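Under the numbering used here, the first residue of the sequence shown is numbered 425, with each subsequent residue one higher.
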Amino acid sequence: MALVPEVCRIIEDWIDQYRHDVTDEYGREPLLTTRNGRIDSSTVRHTVYQVTRPCYYSTECPVGREPDGCEATEYKYYHRCPLNVSPHDIRRGSITHFLTEDVSEKVVSDRMNVGQDMLDKHYDKRDEKVKAEQRREYLEDV
Numbered sequence: 425m426a427l428v429p430e431v432c433r434i435i436e437d438w439i440d441q442y443r444h445d446v447t448d449e450y451g452r453e454p455l456l457t458t459r460n461g462r463i464d465s466s467t468v469r470h471t472v473y474q475v476t477r478p479c480y481y482s483t484e485c486p487v488g489r490e491p492d493g494c495e496a497t498e499y500k501y502y503h504r505c506p507l508n509v510s511p512h513d514i515r516r517g518s519i520t521h522f523l524t525e526d527v528s529e530k531v532v533s534d535r536m537n538v539g540q541d542m543l544d545k546h547y548d549k550r551d552e553k554v555k556a557e558q559r560r561e562y563l564e565d566v
């Protein structure tokens, strides 16, 4: 994977400071780890729900809930916040971003490990106006 030097430095710092020295059952060294090995997908999902709640960063709730009485401030109910996002939302947004930036659908499909049909049906959230403008730009000089 090609990364700019700044991102490489950030990852190196992460590894030096936070990564546990573990390997998985295939001898790989995962980036996100616990003392016991690769971080579980449910932990990633839970953390995304936790940190995308507005009250994680502020004491005010945009929907008017009181933090003391809001169930979404409790560990097992983070996912119930009406304003947080799921890991799938982040994946879909990332895919749409790459497509909007004119990365080819084939490259996005390969990189994100999603078939072309699924990409079109479930992940590409560009509106028709954006798609038409991108097609026009491609065909302008032909």
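Even glycine gets a Cβ: it sits at the ideal position worked out from N, Cα and C. Predicted model only: the values in this text are computed from it and were never measured.
How many angstroms separate the CA atom of residue i from the CA atom of residue j?
i, j, result
"Leu543", "Asp437", "34 Å"
"Arg459", "Arg443", "9 Å"
"Arg560", "Glu525", "14 Å"
"Leu507", "Cys432", "32 Å"
"Val527", "Val554", "14 Å"
"His521", "Cys494", "33 Å"
"Glu430", "Tyr480", "27 Å"
Considering only the alpha carbon of each residue, which of the options lies closest to residue i?
i, options, result
"Cys505", "Pro454, Val472, His521", "Val472"
"Ser510", "Arg469, Ser465, Gln558", "Arg469"
Since residue i and residue j should fall inside the 8 Å C-beta cutoff, what is the C-beta to C-beta distance between them, to a whole number of angstroms?
i, j, result
"Val475", "Thr457", "With a Cβ gap of about 18 Å, Val475 and Thr457 do not count as contacting."
Does the Cβ-Cβ distance between residue i and residue j come in under 8 Å?
i, j, result
"Arg516", "Tyr562", "no"
"Tyr499", "Arg477", "no"
"Asp448", "Gly461", "yes"
Which of the three DSSP states is assigned to residue i in this structure?
i, result
"Thr524", "helix"
"Thr447", "coil"
"Gly461", "strand"
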